[in-house]
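Right, one structure below, let's go through it.
Numbering (UniProt numbering), first residue to last: 1 to 814.
Here it is in structure tokens:
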């Protein structure tokens with residue numbers, strides 16, 4: 001280590017020890033040999049560098065008072081400590097590494113004839129550094145952490161990192177036991193700035209292993225406890241090199257079956273399932289890896305450790321091994337579903353189980369040849385396929401839950417999660433809420449926050465479909481809390497939460513969050529996990545918001561994107577066509593809307609709706625009911641004075657399968673028909689009820705979508721004036737106007753721009769680009785585009801230049 005540096009306090013401790021033997025035990029770089037050389041210089045002794053202990057001089061000579069100095073070379077097998085030293089006749093100071101087994105050491109320590117000075121004692125304290133370096137001691141301490149090798153070698157961290165890495169690998173890590181190597185690596189990760197660490201699966205929560213493992217005795221100079229007792233890196237400059245050295249050592253050891261098992265079990269004992277599985281996989285011990293994967297939930301592994309860990313683990317199993325193992329096939333099928341690739345999931349099941357895997361009558365038969373886990377997974381998969389549950393299939397599905405033990409909370413919760421989608425599709429919201437609560441109970445018991453998040457998400461979606469924005473906001477708050485509990489990153493689920501929050505805000509009159517989502521997040525959303533009720537939800541809100549605040553072309557492009565993406569799913573195609581017709585209707589392109597509806601196949605068409613009667617009152621299937629409503633909307637616009645039309649609208653309002661949101665829309669049509677048929681009294685009464693429901697539920701979005709009818713009703717003094725006499729109604733009307741969803745005479749004159757819209761209009765009139773406006777006002781470009789859309793609509797313009805010219809003509813620019 002270069003020139004000898006005097007360490008008087010350490011020297012005094014060694015020489016004044018009350019035991020005949022002093023053992024300096026530390027890895028390379030701790031200055032053991034330097035200390036022996038200092039003692040030899042001070043006492044006039046000689047250092048013996050050999051596996052053999054020092055030879056005792058003849059009794060009675062002057063050398064009897066000088067301690068023997070024994071520096072044991074690394075990688076050797078030393079002879080035992082001389083009995084004369086153990087008995088106290090001679091003094092002996094030994095320097096050795098921790099991995100060197102010295103015969104007689106344990107006995108000397110047990111007899112209190114030896115004192116052990118370890119790495120912590122050899123580290124240089126602040127007072128030593130102050131004596132040696134004066135005012136520069138703080139800088140030296142920060143750079144070296146008191147590690148002697150780093151203290152007296154200023155260029156240790158400045159030279160080629162390969163040198164330091166090789167030193168750590170050969171002199172520190174090479175002889176470290178497998179388990180201690182794992183502990184050191186984990187402590188290095190547990191130091192500040194650690195991120196993305198998975199929590200242990202509940203099955204491993206009772207392992208009894210402390211969250212913070214003790215520091216390996218061979219390398220305490222690298223890690224030391226902080227003020228809170230947590231391990232922290234002592235030498236900051238060694239972090240990256242040490243991590244690389246540990247990873248290299250791990251890779252070498254994982255090629256050996258014995259070391260791989262020890263490393264994997266060390267990870268597993270600490271609940272780090274992902275690392276344990278990967279260790280077994282790298283060693284080619286796939287059966288061992290599979291057992292841990294199954295113990296950690298199999299396909300449910302995803303919900304405890306996150307999508308990234310799930311993908312990593314599945315990728316570690318070779319294809320030939322995976323296709324022969326049911327649990328891995330099911331896991332890979334789930335992986336495909338989470339990516340929105342239903343066709344790939346079907347293919348995986350067919351390749352492993354044959355075509356019968358997609359025959360639901362066989363899968364759920366009382367004599368089914370399939371295992372319980374397969375049938376449970378197949379039921380979950382029906383959720384994504386938008387398969388229509390018959391009463392017989394639902395009955396068979398309910399028989400499946402009896403096969404699960406009462407404490408199998410994951411399987412029971414997933415069963416209720418699956419049938420929840422069926423009840424939502426059939427608009428049986430009371431039943432849906434009941435099974436949602438059951439699923440939530442089981443997922444909470446299983447300590448699975450991600451699965452509980454999905455249930456809260458469904459509850460939010462149900463309430464939004466019902467038009468109950470206040471209850472939806474409560475559920476959205478709960479789902480956000482579940483997302484916050486996740487110990488891993490799940491971008492697509494965070495994206496779903498952002499969408500739900502944006503839709504809740506949209507219901508209350510704030511369109512900006514939804515516009516921002518559609519502008520920035522829709523690509524990621526489109527390529528992620530999609531199930532039918534979620535797609536229906538996204539199609540409705542997305543097309544409505546884009547049509548209202550951007551353009552009809554933007555709304556149709558949005559729908560076309562989904563049409564291409566879901567080209568193989570006929571149910572989704574019908575859903576998309578219905579929304580396209582609604583977009584065209586809202587844009588006053590009624591003939592195109594009629595042509596779109598007429599092109600759709602099925603029993604529900606114009607004639608079916610006009611026939612009315614029991615058939616219309618009892619339409620139940622989701623898409624058929626939506627088609628009947630959109631046809632009726634078309635007829636209301638085309639022929640509002642048609643005899644008996646109010647009866648048709650009343651019939652559909654009485655359909656028990658309508659959501660509250662759909663019912664509100666139909667009530668506005670009824671008021672419109674009544675107004676056109678000169679029955680203002682009925683129009684006022686119907687609208688008063690609808691506005692009261694909207695005030696109670698905290699929503700204005702259903703009113704906003706029917707602006708094509710509502711505008712005419714509100715502009716009628718006998719109707720609009722009557723509504724304005726009620727405080728709650730005035731508040732709703734103000735929200736509609738403030739959000740640009742309802743015009744007034746002054747709005748059409750272009751003089752009711754909001755402050756922000758006026759400011760943006762002024763800035764673009766001065767030549768500012770959208771990006772400049774966004775930077776100046778602290779907004780996103782998507783928000784600027786949203787406000788410009790409102791400006792264009794209020795001024796009756798289609799372009800930036802038209803808006804500027806119109807604003808100048810109206811005197812809005814000063």
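Glycine included, each C-beta is placed from N, C-alpha and C at the ideal position. Since we're looking at a predicted model, the values are computed, not measured.
Item checked: Completely contained beta strand (DSSP E) runs for the UniProt domain "HTH luxR-type" (746 to 811), where each covers 3 or more residues -> Correct list: empty.
Notebook entry, point to check: Mind pulling the alpha helix (DSSP H) runs of 4 or more residues that sit fully within the region 436 to 519?
Noted result: 449 to 465, 469 to 485, 491 to 507
Check: Using DSSP with H/G/I as helix, E/B as strand and the rest coil, what is residue 599?
Finding: coil
Checklist line | Three-way DSSP call (helix, strand, coil) for residue 22 in this model | finding: strand
Next item on the list: Report the rounded CA-to-CA distance for residue 631 versus residue 595, giving the unit in angstroms.
Entry: 11 Å
Note to self: In this structure, how does DSSP classify residue 147 when only helix, strand and coil are distinguished?
What the structure shows: coil
Next item on the list: Tell me where the alpha helix (DSSP H) around residue 623 begins and ends.
Entry: 622 to 638
Margin query: Using only the alpha-carbon positions, how far apart do residue 787 and residue 756 sit?
Written below: 8 Å
Checklist line | Reduced DSSP category for residue 17 - H, G, I as helix; E, B as strand; rest coil | finding: coil
Checklist line | Exposure label - residue 211; buried when at least 16 CB within 10 Å | finding: For residue 211, the predicted model reports a pLDDT of 43, less than 50, meaning its position is unreliable; a value from the coordinates is still stated below. Answer is exposed; the Cβ neighbour count stays below 16.
Notebook entry, point to check: Thinking C-alpha only, which one of 352, 379, 353 is nearest residue 364?
Noted result: 379
Margin query: Nearest by alpha-carbon distance to residue 85: which of 109, 544, 700 is it?
Written below: 109
Notebook entry, point to check: From residue 283 to residue 523, what does the alpha carbon distance come to, in whole angstroms?
Noted result: Pairing residue 283 with residue 523, the inter-Cα distance amounts to about 39 Å.
Note to self: If you reduce the DSSP assignment to three classes, tell me which class residue 700 lands in.
What the structure shows: Coil, per DSSP.
Item checked: Segments assigned beta strand (DSSP E), at least 3 residues, entirely inside the region 105 to 168 -> 114 to 117
Next item on the list: Tell me whether the beta-carbon of residue 234 lies closer than 8 Å to the beta-carbon of residue 145.
Entry: yes
Next item on the list: Could you tell me if residue 497 is buried or exposed, where buried requires 16 or more neighbouring beta carbons within 10 angstroms of its beta carbon?
Entry: By the beta-carbon neighbour count (other beta carbons within 10 angstroms, threshold 16), residue 497 is buried.
Margin query: Whether or not the region 506 to 521 and the region 777 to 794 are in contact is what I'm after, with contact meaning three or more pairs of Cβ atoms, one per stretch, closer than 8 Å; do they touch?
Written below: yes
Margin query: Using a Cβ-Cβ cutoff of less than 8 Å, which residues in the same chain neighbour residue 326 once the five nearest sequence positions on both sides are dropped?
Written below: Once the five neighbours on either side are set aside, the close Cβ partners of residue 326 are 352, 371, 373, 374.
Next item on the list: Give the secondary structure of residue 531 by DSSP, where H, G and I count as helix, E and B as strand, and everything else as coil.
Entry: coil
Check: Mapping DSSP to helix, strand and coil, what is residue 4?
Finding: In the three-state reduction of the DSSP assignment, residue 4 falls in the coil class, being assigned neither a helical nor a strand state.
Check: Taking the continuous beta strand (DSSP E) assigned at residue 48, which residues delimit it?
Finding: 47 to 49
Checklist line | Inter-residue spacing [alpha-carbon to alpha-carbon] between residue 232 and residue 119 | finding: 16 Å
Next item on the list: Following the continuous beta strand (DSSP E) through residue 92, name the residue where it begins and the one where it ends.
Entry: 92 to 96
Margin query: Short of 6 Å in beta carbon distance, which residues of its chain neighbour residue 268, apart from the five on each side in sequence? Order them along the chain.
Written below: 276
Check: Could you check where the beta strand (DSSP E) with residue 69 kicks off and where it finishes?
Finding: It spans 68 to 71 - the beta strand (DSSP E) in which residue 69 sits, taken as one unbroken run.
Notebook entry, point to check: In angstroms, rounded to a whole number, what distance separates the CA positions of residue 247 and residue 302?
Noted result: 26 Å
Checklist line | Which of helix, strand or coil DSSP assigns to residue 207 | finding: Confidence is the limiting factor: at residue 207 the pLDDT is only 43, short of 50, which leaves the residue's position unreliable, though a coordinate-based value still follows. In this structure, residue 207 counts as coil in the three-state DSSP scheme.
Next item on the list: From the DSSP output, in three-state form, read off residue 616 for me.
Entry: helix
Next item on the list: Please state if the CB of residue 387 and the CB of residue 337 are separated by a distance shorter than 8 Å.
Entry: no
Notebook entry, point to check: Should residue 641 be labelled buried (16 or more other beta-carbon atoms within 10 Å of its own) or exposed?
Noted result: When all chains shown are included, residue 641 counts as exposed.
Notebook entry, point to check: Comparing alpha-carbon positions, which option in 340, 332, 360, 362 lies nearest residue 348?
Noted result: 332
Next item on the list: Measure the C-alpha to C-alpha separation of residue 66 and residue 171 and round it to an integer number of angstroms.
Entry: 31 Å
Check: Using the beta-carbon count (16 or more within 10 Å), is residue 322 buried or exposed?
Finding: buried
Next item on the list: Might you give, ordered along the chain, the residues of its own chain that have their beta carbon closer than 7 Å to the beta carbon of residue 62, omitting 5 neighbours on each side?
Entry: The predicted position of residue 62 is uncertain, since its pLDDT is 45 and thus under 50; a value taken from the coordinates is nonetheless stated next. Around residue 62: no qualifying Cβ.
Notebook entry, point to check: Below 8 Å between beta carbons: does that hold for residue 305 and residue 488?
Noted result: yes
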